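Chains as they are written, first to last, in UniProt numbering: chain L, 1 to 418; chain G, 1 to 418.
Number of protein chains: 2
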Amino acid sequence: MNQVRAEIIAIGDELLYGHIIDTNSHWISQELSQVGVRVVRRTTVGDNRLDILSAFKEAEYRADIILITGGLGPTNDDLTKPLLAEYFNTEIVEFPEAVEAITAFFKSRGREMTPLNTLQGHLPKICKYVPNELGTAPGMWFERNKTCWMSMPGVPHEMKKLMLDFVLPKLGEVFSLPVISHKMIKTVGIGESWLSDLIKDWELGLPKHIKLAYLPSLGHVKLRLTAFGHNKKELEREIDLEIEKVFPTISKYVYGYDSDTLEQSIGKLLKERKKRVAVAESCSGGYVAHQITSIPGSSEYFDGGVIPYHNQFKEKIIEVNSETLKNHGAVSEETVTEMARGVKKLFSSDFGLASSGVAGPDGGSKDKPVGTIWIACATDEFIKTKKLQLTQDRILNIRLTSVALLNLLRICILESSK
Amino acid sequence: MNQVRAEIIAIGDELLYGHIIDTNSHWISQELSQVGVRVVRRTTVGDNRLDILSAFKEAEYRADIILITGGLGPTNDDLTKPLLAEYFNTEIVEFPEAVEAITAFFKSRGREMTPLNTLQGHLPKICKYVPNELGTAPGMWFERNKTCWMSMPGVPHEMKKLMLDFVLPKLGEVFSLPVISHKMIKTVGIGESWLSDLIKDWELGLPKHIKLAYLPSLGHVKLRLTAFGHNKKELEREIDLEIEKVFPTISKYVYGYDSDTLEQSIGKLLKERKKRVAVAESCSGGYVAHQITSIPGSSEYFDGGVIPYHNQFKEKIIEVNSETLKNHGAVSEETVTEMARGVKKLFSSDFGLASSGVAGPDGGSKDKPVGTIWIACATDEFIKTKKLQLTQDRILNIRLTSVALLNLLRICILESSK
Numbered sequence: 001m002n003q004v005r006a007e008i009i010a011i012g013d014e015l016l017y018g019h020i021i022d023t024n025s026h027w028i029s030q031e032l033s034q035v036g037v038r039v040v041r042r043t044t045v046g047d048n049r050l051d052i053l054s055a056f057k058e059a060e061y062r063a064d065i066i067l068i069t070g071g072l073g074p075t076n077d078d079l080t081k082p083l084l085a086e087y088f089n090t091e092i093v094e095f096p097e098a099v100e101a102i103t104a105f106f107k108s109r110g111r112e113m114t115p116l117n118t119l120q121g122h123l124p125k126i127c128k129y130v131p132n133e134l135g136t137a138p139g140m141w142f143e144r145n146k147t148c149w150m151s152m153p154g155v156p157h158e159m160k161k162l163m164l165d166f167v168l169p170k171l172g173e174v175f176s177l178p179v180i181s182h183k184m185i186k187t188v189g190i191g192e193s194w195l196s197d198l199i200k201d202w203e204l205g206l207p208k209h210i211k212l213a214y215l216p217s218l219g220h221v222k223l224r225l226t227a228f229g230h231n232k233k234e235l236e237r238e239i240d241l242e243i244e245k246v247f248p249t250i251s252k253y254v255y256g257y258d259s260d261t262l263e264q265s266i267g268k269l270l271k272e273r274k275k276r277v278a279v280a281e282s283c284s285g286g287y288v289a290h291q292i293t294s295i296p297g298s299s300e301y302f303d304g305g306v307i308p309y310h311n312q313f314k315e316k317i318i319e320v321n322s323e324t325l326k327n328h329g330a331v332s333e334e335t336v337t338e339m340a341r342g343v344k345k346l347f348s349s350d351f352g353l354a355s356s357g358v359a360g361p362d363g364g365s366k367d368k369p370v371g372t373i374w375i376a377c378a379t380d381e382f383i384k385t386k387k388l389q390l391t392q393d394r395i396l397n398i399r400l401t402s403v404a405l406l407n408l409l410r411i412c413i414l415e416s417s418k
Numbered sequence: 001m002n003q004v005r006a007e008i009i010a011i012g013d014e015l016l017y018g019h020i021i022d023t024n025s026h027w028i029s030q031e032l033s034q035v036g037v038r039v040v041r042r043t044t045v046g047d048n049r050l051d052i053l054s055a056f057k058e059a060e061y062r063a064d065i066i067l068i069t070g071g072l073g074p075t076n077d078d079l080t081k082p083l084l085a086e087y088f089n090t091e092i093v094e095f096p097e098a099v100e101a102i103t104a105f106f107k108s109r110g111r112e113m114t115p116l117n118t119l120q121g122h123l124p125k126i127c128k129y130v131p132n133e134l135g136t137a138p139g140m141w142f143e144r145n146k147t148c149w150m151s152m153p154g155v156p157h158e159m160k161k162l163m164l165d166f167v168l169p170k171l172g173e174v175f176s177l178p179v180i181s182h183k184m185i186k187t188v189g190i191g192e193s194w195l196s197d198l199i200k201d202w203e204l205g206l207p208k209h210i211k212l213a214y215l216p217s218l219g220h221v222k223l224r225l226t227a228f229g230h231n232k233k234e235l236e237r238e239i240d241l242e243i244e245k246v247f248p249t250i251s252k253y254v255y256g257y258d259s260d261t262l263e264q265s266i267g268k269l270l271k272e273r274k275k276r277v278a279v280a281e282s283c284s285g286g287y288v289a290h291q292i293t294s295i296p297g298s299s300e301y302f303d304g305g306v307i308p309y310h311n312q313f314k315e316k317i318i319e320v321n322s323e324t325l326k327n328h329g330a331v332s333e334e335t336v337t338e339m340a341r342g343v344k345k346l347f348s349s350d351f352g353l354a355s356s357g358v359a360g361p362d363g364g365s366k367d368k369p370v371g372t373i374w375i376a377c378a379t380d381e382f383i384k385t386k387k388l389q390l391t392q393d394r395i396l397n398i399r400l401t402s403v404a405l406l407n408l409l410r411i412c413i414l415e416s417s418k
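So this is what it looks like as structure tokens:
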């Protein structure tokens, strides 16, 4: 089956200069993927006649659907409308219905209209006028030689409404769209190459209409399965079947699916078990607590935290032994163990987490170079510790420590008998 | 003068499917604009041979500089490297220096290497190998018929380091770029419209070759001055002169320039005065401590923090009076005052910070709706408190609280007599 091919064209100098970030193209990509349209390219051009015309020409050659955002304002630097008229070799004429809608728009907001706004109701003669209820720049739909074009304003909420109310239903009418299904497996604690090695037989055995992609991010690897076919339910079933096959091999690294985050998954595990956690952070400096408390409802399972940045406060607040600090140093398995136990006790929690290390860029030594970090998780039954050897980059070390410590907590929750 | 033209190509199905947002192209656009390179197009293509090759061909026709991100992972769906070799009609050979660097990268992290990782050190024969200190996929530089190409990994921090350390200096060597000078004034504690109103006379009086832009971001507004000309030193002098003129009007909002962050500026102020700070965070959940400790060397002026997420720990650890909590509630000026004093005492610090509020989305009441947040800063001489009425969004509330609390600290440091 031939997939319907789309190209997204974003127009505006402000995008090319990097003054604003193009979230529109990202959002449109997601929506099109959901309905089985394959986005083959995204193009961004500035407010420049030749650049825009050549983008139109190239897109028409490649795609069945061309979605254009931006360049529809009332001022002279907005070129999309006149250039569409030029490209389709048509003139710009008044659309009374559009002028009326724009007039009503201003009236309903008690604002006065300028002559420039009236001109926004003048459109290329051959286009279908698509009302924009949230703004003054109308949507415009064109069809030529089996290619469909839609021009939309760059203001995100206006564009989204036009997409949902008009474009997506219209595409369903014009094209007979294939069905696509995605599912993402979220893993932590294993690198991309190792994971790939672990599941290579399964990957080779995947049916042709199911594709696998590795999406690594800080300390995590996401596995994305994409299935193409005719029946959404059937595709979802097939994907779930493949996940069932691979799951036993990777179960201990999987913390969730699709939009799940590690923090959310931990929250869910703790809530289910009615358990609570507290953290003592030295090198991670509050970031682990921040990750946990960024989840709505975390007060149900988060007792609190301490950031004893110096040895005297490790002793005073969470009862780390001064002998331990003297004999082993702050960055040691012994210290991090006492920190985890101490914070668990201070907050009467079920789980106590701790981090201590050399985040860098200074403070490293031959024995404990920058990036040497100890983490621990104490439970009622056992304590788990781990030594990390991370990077030279302070921020990266803080974030990677946080992922590792949250993953250690996840493992400890799962291994706790109670 | 002909402007140097650049095209940015981002490669990856995950971008076209909308699974991740392309912040790389945005960042690169900003950096190129800063050095006077005109970005004429941004293109995004998927992991597909023909799409990638045609993007290369079109870009070579249009641009003097082509910057490519993504598609450099060790797995089979990563096509950038083989396709660059195909496009430049060259073979992929071992670069011993690259293999060595990758091996060292794994060694320094105590991780084992897979054969796939070794292959990441095999590169197109005609490219210049550019070491990537933060990851395993090397940068690759090509030159052909006066067009320069750079291929970089899609991982943002790896790409950024390659751009700053290698690409931008290299572009300055290869092309004769026009002279541009930028300076950014960083402000906090005042909104964009208010600031604009305050400085409108100065703005109108700016010389024609100096442009002003307002760049608002979370709780901050940056004022960027850009001067165009022939002599860097002269431009810098002119910009400084303009800043001298406007400074008296906005001095109390200015915390720094260019890459200065609020956290850095506070660190500098504290170090100069040999003062130290501690924080007690309820609604901000560790984020303020994280912001402070993300700065290298912060252990010199950060004593530590406490996150007493529940009332009993506010009483137990930082001595908030149970009567205060009972009479005024946790989210009150009285409680946040005692928290700031209590944490200052616990850590024997010069400044004690505190936050308490309803971060949301739940927990609001009629009197204290979601977004109601109290902050405080205690010093030896005085205490300052402030009530914030923020948004419905939890993460946004946490971040805005952090900016407001750090700004309160900045003001208290400046007003302290000692």
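Glycine is no exception: its CB is placed at the ideal position from the N, C-alpha and C atoms.
Computed from a predicted structure; not experimentally measured.
Less than 6 angstroms separating the Cβ of residue i from some heavy atom of the ligand NAD?
| i | result |
| --- | --- |
| residue 239 of chain G | With respect to the ligand NAD, the structure offers nothing, as it holds no ligand at all. |
Tell me the DSSP bridge mates of residue i?
| i | result |
| --- | --- |
| residue 122 of chain L | L/94 |
| residue 150 of chain G | G/67 and G/141 |
| residue 7 of chain G | G/41 and G/66 |
| residue 35 of chain G | DSSP output for residue 35 of chain G lists no bridge partner at all. |
| residue 403 of chain L | Paired residues: none, contrary to the question. |
Determine the direct distance from the alpha carbon of residue j to that of residue i, and round the result to whole angstroms.
| i | j | result |
| --- | --- | --- |
| residue 200 of chain L | residue 374 of chain G | 54 angstroms |
| residue 85 of chain L | residue 172 of chain G | 41 angstroms |
| residue 361 of chain L | residue 45 of chain L | 40 angstroms |
| residue 124 of chain L | residue 13 of chain G | 35 angstroms |
| residue 62 of chain L | residue 227 of chain L | 23 angstroms |
| residue 235 of chain G | residue 43 of chain L | 35 angstroms |
| residue 403 of chain L | residue 190 of chain L | 12 angstroms |
| residue 8 of chain L | residue 206 of chain L | 31 angstroms |
| residue 134 of chain L | residue 81 of chain L | 19 angstroms |
Within 7 angstroms of any Cβ in chain G, is that where the Cβ of residue i sits?
| i | result |
| --- | --- |
| residue 389 of chain L | yes |
| residue 29 of chain L | yes |
| residue 1 of chain L | Bear in mind that the predicted position of residue 1 of chain L carries a pLDDT of just 46, short of 50, making it too unreliable to give a figure here. |
| residue 18 of chain L | yes |
| residue 364 of chain L | no |
| residue 213 of chain L | yes |
| residue 5 of chain L | no |
| residue 74 of chain L | no |
| residue 209 of chain L | no |
| residue 375 of chain L | no |
| residue 239 of chain L | no |
| residue 26 of chain L | yes |
| residue 44 of chain L | yes |
With the cut-off set at 7 angstroms, would you say residue i and residue j are in Cβ contact?
| i | j | result |
| --- | --- | --- |
| residue 66 of chain G | residue 59 of chain G | yes |
| residue 355 of chain L | residue 385 of chain L | no |
| residue 232 of chain G | residue 174 of chain G | no |
| residue 249 of chain G | residue 195 of chain G | no |
| residue 136 of chain L | residue 120 of chain L | yes |
| residue 221 of chain L | residue 166 of chain L | no |
| residue 342 of chain L | residue 323 of chain L | no |
| residue 285 of chain L | residue 293 of chain G | yes |
| residue 210 of chain G | residue 225 of chain G | yes |
| residue 290 of chain G | residue 287 of chain L | yes |
Could you tell me whether any Cβ in chain L is nearer than 7 angstroms to the Cβ of residue i?
| i | result |
| --- | --- |
| residue 117 of chain G | yes |
| residue 63 of chain G | no |
| residue 289 of chain G | yes |
| residue 301 of chain G | no |
| residue 313 of chain G | yes |
Could you tell me whether the stretch 87-95 of chain L touches the stretch 26-37 of chain L, using the rule of 3 or more Cβ pairs below 8 angstroms? no
Determine contact between the stretch 336-350 of chain L and the stretch 295-306 of chain L, defined as no fewer than three beta-carbon pairs at a distance below 8 angstroms. yes
Please confirm if the stretch 200-216 of chain L is in contact with the stretch 67-80 of chain G, defined as three or more CB-CB distances below 8 angstroms between the two stretches. yes
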